[in-house]
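Residue numbers (my numbering), protein chains in the order written: chain A, 1 to 147; chain B, 148 to 294.
There are 2 protein chains.
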Amino acid sequence: MKVTSKTVYALHFLCALAIKSRNGETKPVHLREIAEEYKIPFKFLEQIAILMKSVGLVKGARGKTGGYQLSQEPEVISLAHILKATEGELFPLAAVEGGSAVVNALLAETFAQGRRLVEEKLGGVSLAELADKARADMEPAYMMYYL
Amino acid sequence: MKVTSKTVYALHFLCALAIKSRNGETKPVHLREIAEEYKIPFKFLEQIAILMKSVGLVKGARGKTGGYQLSQEPEVISLAHILKATEGELFPLAAVEGGSAVVNALLAETFAQGRRLVEEKLGGVSLAELADKARADMEPAYMMYYL
DNA sequence: CCATTACCCTATTGAGCCGATAGGTTTGAT
DNA sequence: ATCAAACCTATCGGCTCAATAGGGTAATGG
Chain A
1 MKVTSKTVYA
11 LHFLCALAIK
21 SRNGETKPVH
31 LREIAEEYKI
41 PFKFLEQIAI
51 LMKSVGLVKG
61 ARGKTGGYQL
71 SQEPEVISLA
81 HILKATEGEL
91 FPLAAVEGGS
101 AVVNALLAET
111 FAQGRRLVEE
121 KLGGVSLAEL
131 ADKARADMEP
141 AYMMYYL
Chain B
148 MKVTSKTVYA
158 LHFLCALAIK
168 SRNGETKPVH
178 LREIAEEYKI
188 PFKFLEQIAI
198 LMKSVGLVKG
208 ARGKTGGYQL
218 SQEPEVISLA
228 HILKATEGEL
238 FPLAAVEGGS
248 AVVNALLAET
258 FAQGRRLVEE
268 KLGGVSLAEL
278 ADKARADMEP
288 AYMMYYL
C-alpha cells in the first residue's frame, strides 16, 4: 500500500517537461537528457514515458529531433490524473472469501469515502503548481540549465 | 498500494468480538469459532490475533477456557488504529535516488496532507459503529448464533 | 540513401511482500 | 496428567515492483 517509485519518477518527468516549457522551450525534450539530469534509470524512464503517452498526458516525436512534450497545459494536469495512470485505483480493498457480508459492505463504503477525499485533494494540485514552485526555488546560479 | 486481506480479516475479527460483547458475552471467544463462522483461514487468523494483541487492541487468555476479548471499549477503537497496526503508514512515498529535491519535498508535503485526510476519516469511524450496524442488519432468524 | 538518433515495444530477472500453511511450544482449567 | 487453546517461528508459492536487456521503427541530417 505505497506510492511506487514509478509514480514518483513519472511526477518528476512531467514536472521537468512543464519547467522546460515554462522556460520557453518549444522543442521536444530528449529522455536521455532528463534521465541524466535527474539521475533516473533511463530504461525505466522510457517505460514510464510510454505509459504517460498511452494515457494522453504527453506526446512523443521520433527521429533525430524527437523527444517528449506535454500534450496539455500543465494547469489542467492534476496529480490525480497521473496517479490514476501509474497506480490504478487508490488503496483498493482486498477481496476476501469470508467475513460478514454486512461488514464487507460497510468497509467498502467507508474506504470509498476515504478514497474520494484523497482524489479530491490530489485533483486540486496541478502540475503547473509543482513546476512553478520548483522553478521559484531554483538558485539563479542553476537557472542557466533551464534557459 | 492496496488494503491487504490481513487488514480486512482483522476488521472482521475485531468486529466479531465487539458483536459478541454487545450481545452480553463476557467470556473470551475462541479463535476457531470465529474462523469457522466467517470462513477465515484459521492459522492466518491466529497470526492476526497475535498482532492485534501486540498492539494492545485485544487480550488473549490461554488454556482450555481461553480465547480473545477486546481490551478496550469498541467506541474508542477506530479503523485508523487497526489500519495502523496492519498496514503501517498509509501510502508512504517510495524513496528514490534521483529527481529534484524541491519536487520531492513538495510531493512529501502533498501526500502527507492527503494521508491526514484519510486518517481523520478512518479515525472517525469506531468499531462500535461497525458492530452495531452489522447487528442491526442481521435477520432475526440468525440472531440465535449470537445470543 | 543510409547511418544515426531517439522513440517504441517485449521479455526477463532479482528482490521483496503477501497470503497461507505447517509444526511446534507454552499455558491453564479440569 | 491431559487436553484444548493461545502463542511462536519457519517456510513456501505467487505475485508485484524496479530495473535491465535487446531489439524494432520512424525520422532527420549528411
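Even glycine gets a Cβ: it sits at the ideal position worked out from N, Cα and C.
So what does DSSP say about residue i, is it helix, strand or coil?
i: B:GLY271; result: coil
i: B:GLN216; result: strand
i: A:ALA134; result: helix
i: A:VAL8; result: helix
i: A:LEU93; result: strand
i: A:SER21; result: helix
Which residues in the same chain have their Cβ closer than 6 Å to the Cβ of residue i, if we skip the five residues on either side of it in sequence?
i: B:LYS206; result: GLN216 and SER218
i: B:LEU226; result: LEU269 and VAL272
i: B:GLU172; result: none
From which residue to which residue does the alpha helix (DSSP H) around residue i run?
i: B:GLN194; result: 189-201
i: A:LYS84; result: 79-87
i: A:GLU33; result: 31-38
For my contact list, residue i and residue j are in at a C-beta cut-off of 8 Å; report their separation, rounded to the angstrom.
i: A:HIS30; j: A:GLY67; result: 5 Å
i: B:ILE229; j: B:ALA157; result: 6 Å
i: A:LEU51; j: A:ILE34; result: No, A:LEU51 and A:ILE34 are not in contact; Cβ-Cβ is about 15 Å, not under 8 Å.
i: B:ALA165; j: B:ALA275; result: 7 Å
i: A:ALA108; j: A:LEU93; result: 6 Å
i: B:VAL249; j: A:ALA85; result: No, B:VAL249 and A:ALA85 are not in contact; Cβ-Cβ is about 23 Å, not under 8 Å.
i: A:GLU87; j: A:THR7; result: 6 Å
i: B:VAL295; j: A:PHE111; result: The first residue shown for chain B is 148 and the last is 294, placing residue 295 of chain B beyond what the model contains.
i: A:GLY98; j: B:LYS174; result: About 23 Å separates the two Cβ atoms, so there is no contact after all.
What residue does the beta strand (DSSP E) around residue i start on, and which one ends it?
i: B:VAL150; result: No beta strand (DSSP E) contains B:VAL150, which DSSP labels as neither H nor E.
i: A:ALA61; result: 58-61
Can you list, in chain order, the residues of its chain with a C-beta nearer than 7 Å to that of residue i? Leave out the 5 residues immediately preceding and following it.
i: B:MET148; result: PHE238
i: B:VAL265; result: LEU237
i: B:ARG179; result: PHE189
Quick one: residues in its chain with C-beta nearer than 8 Å to the C-beta of residue i, no 5 flanking neighbours on either side, listed in chain order?
i: A:ARG115; result: GLU89, LEU90 and PHE91
i: A:VAL96; result: ASN104
i: B:GLU220; result: ALA275
Anything in the region 187-199 of chain B with a Cβ closer than 7 Å to a Cβ of chain A? List those residues in chain order, please. ILE187
Short-range partners of chain A found in the region 219-234 of chain B, where Cβ spacing is below 8 Å: LEU226 and GLU234
Listed from N- to C-terminal order along the chain, which residues in the region 111-132 of chain A have their beta-carbon within a distance smaller than 7 Å of any beta-carbon of chain B? PHE111, GLN113, GLY114, LEU117, VAL118, LYS121, LEU122, VAL125 and LEU130
Against chain A, which members of the region 237-251 of chain B pass a CB distance test of less than 9 Å? LEU237, PHE238, PRO239, LEU240, ALA241, ALA242, VAL243, GLU244, GLY245, GLY246, SER247, ALA248, VAL249, VAL250 and ASN251
Using a beta-carbon distance cut-off of less than 7 Å, what residues from the region 3-24 of chain A approach chain B? VAL3, THR4, SER5, VAL8, TYR9, LEU11, HIS12 and CYS15
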